[in-house]
Amino acid sequence: MLRAAAGELCAGSDDIDYFPSYEIITNPAARGLFYAANLRSVRPEGVAIAMQTFTRAHRPEAQPEAGGGGQRQRGHSVARLRRQRHKAALQGAAPQTPGRARADLQCEEALLEAFGE
483 MLRAAAGELC
493 AGSDDIDYFP
503 SYEIITNPAA
513 RGLFYAANLR
523 SVRPEGVAIA
533 MQTFTRAHRP
543 EAQPEAGGGG
553 QRQRGHSVAR
563 LRRQRHKAAL
573 QGAAPQTPGR
583 ARADLQCEEA
593 LLEAFGE
């Protein structure tokens with residue numbers, strides 16, 4: 483529910499971005515590695531991974547994405563630029579068939595789940 487609300491806020495404003503620190507820590511692929519022995523507290527290693535990921539995504543001097551269109555503007559996150567490129571691509575795309583639209587939606591949902599975006 484929180485993720486859905488955050489997604490709506492992000493989609494509605496270029497001034498809002500969601501960072502998936504919760505998803506990074508609770509990701510099943512981590513197999514509990516980021517939790518302390520009490521299985522409630524987050525270990526320093528988990529905090530470090532989340533902060534490294536945040537810094538890479540939001541650092542103004544970060545390199546552009548592979549295949550990206552040049553240097554990022556100061557203060558623009560990778561996720562926000564990705565959303566803007568996706569919207570621009572959709573505006574110039576040919577109309578989709580219902581089957582293609584469903585397949586695209588399923589792929590997008592899988593990507594969002596995998597990357598917590």
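Here the sequence shown is numbered in the numbering used here, starting from 483 and rising by one per residue. Built from N, CA and C at the ideal position, the CB exists for glycine as well.
Judged by beta-carbon spacing, I506 lies within the 8 Å limit of T535, meaning their Cβ atoms are closer than that value. Within the same chain, F516 come within 7 Å of E527 by CB-CB distance, once the 5 residues on both sides are set aside.
Between the C-alpha atoms of Q573 and G514 there is a straight-line separation of about 41 Å.
Rounded to the nearest whole angstrom, the CA to CA distance from A493 to L594 is 13 Å. In the three-state reduction of the DSSP assignment, Y500 falls in the coil class, being assigned neither a helical nor a strand state. Contact between A488 and Y500 holds: their C-beta atoms lie close to 4 Å from each other, under 8 Å.
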